[in-house]
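Read through the structure below, which is laid out as structure tokens, and then see the notes.
In this note's numbering, the protein residues as written are 961 to 1241.
Structural data, given as structure tokens:
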């Protein structure tokens, strides 16, 4: 059995049940175990991203995860709703302002490049992952909402692999950064994830708000597209840095960014669309 398939099986058999167990069996304090896992992955992912961008761990990499921490504390302690956004803006401005002094070393010739890297580090992955925590604070969101999200994002990844294996032999290489990915995989994952969106609503309709047909299609397609884009974005980062994996935290899987590339990109979109669904009810 090829290594890639073994990794996927391990993820399905061990990783997904472990995450779902945290969500369903420990919902106290806004799903504290799941949130601690997210915060931990945010810290590790930020360190990995710092090494990719700067070849070392810079101070902003340790500050960026403060945003999801404040987001979680805001939900549990009932802090002001604007505090996470305030923390994000302050850290972003701080990351840029450091160049006022640092740029002197090369007469500011590479300041734009360094500022851009710092801004990316603040946003990716910590800020994007904080949308998971925002989602869990919404009225009407429960364990089945989170389960729906994971079914969609993991299902998209799985069906992209299956469709690619079955029908992608002659249509690979449509994206140079990930030459093994096929058009069949992308199209198949899109169709399948939309189908999963309908299936989740049928299975969990007693636990979910009413979701119209249009929103079911939007939810499935948006998660599929952003999850696939997230995978490609991380490939761009790694290719540019000349590394195969973002880290080695998970044997056989790589780093935190390797495991969460789809979730990092799709979490904000799922949050926004589900907020729209709740407003429409």
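Every residue, glycine too, gets a C-beta built ideally from N, C-alpha and C.
From a predicted model like this one, the values you see are computed outputs, not experimental measurements.
Query: Sub-8 Å separation of residue 1093 and residue 995 beta-carbons; Result: yes
Query: Secondary structure of residue 1005, DSSP reduced to three states; Result: helix
Query: Whole-Å CB distance - residue 1149 paired with residue 1116, under 8 Å assumed; Result: 5 Å
Query: Range covered by the alpha helix (DSSP H) that runs through residue 1077; Result: 1071 to 1082
Query: Residue burial classification, residue 1236 (beta-carbon count within 10 angstroms, cutoff 16); Result: exposed
Query: DSSP state of residue 1133 mapped onto helix, strand, coil; Result: coil
Query: C-beta atoms of residue 1141 and residue 1135 nearer than 8 Å; Result: yes
Query: Beta-bridge partners of residue 1142, as assigned by DSSP; Result: 1132
Query: Residue 1031, buried or exposed, once every other Cβ within 10 Å from all chains shown has been counted against 16; Result: buried
Query: Residue(s) in a DSSP beta bridge with residue 1164; Result: None; residue 1164 has no bridge partner.
Query: Backbone CA spacing between residue 985 and residue 993 [nearest angstrom]; Result: 10 Å
Query: Any chain C beta carbon closer than 8 Å to residue 1136; Result: The displayed structure is made up of one protein chain only, and chain C is not part of it.
Query: Assumed close pair residue 1233, residue 1179 - CB separation to whole angstroms, cut-off 8 Å; Result: 5 Å
Query: Touching by the beta-carbon criterion (3+ pairs, under 8 Å), the segment 1224 to 1231 and the segment 1146 to 1165; Result: no
Query: Chain-order list of residues whose beta-carbon lies under 6 Å from that of residue 1164 (same chain, five-residue window excluded); Result: 1104
Query: Any 3 or more C-beta pairs closer than 8 Å across the segment 1062 to 1081 and the segment 1004 to 1020; Result: yes
Query: Under 8 Å between C-beta atoms of residue 1217 and residue 1005; Result: yes
Query: Proximity of residue 1144 and residue 1119 at Cβ, strictly below 8 Å; Result: no
Query: Residues near residue 1184 by beta carbon distance below 6 Å, same chain, minus five either side; Result: 1116, 1149, 1150, 1153
Query: Rounded separation between residue 1054 and residue 1087 - CA only; Result: 15 Å
Query: Rounded distance between the beta-carbons of residue 1035 and residue 982, thought under 8 Å; Result: Actually they do not touch by this definition, with Cβ atoms about 16 Å apart.
Query: Inter-residue Cα distance where the pair is residue 1019 and residue 1100; Result: 38 Å
Query: Element boundaries [alpha helix (DSSP H), containing residue 1198]; Result: 1173 to 1201
Query: Rounded straight-line distance, which links the Cα of residue 1190 to that of residue 923; Result: Summary: the structure shown does not reach residue 923, with the chain confined to residues 961 through 1241, and so no result is reported for it.
Query: Test item: CB-CB of residue 1209 and residue 1215 under 8 Å; Result: yes
Query: Beta-carbon spacing of residue 1025, residue 1002 below 8 Å; Result: yes
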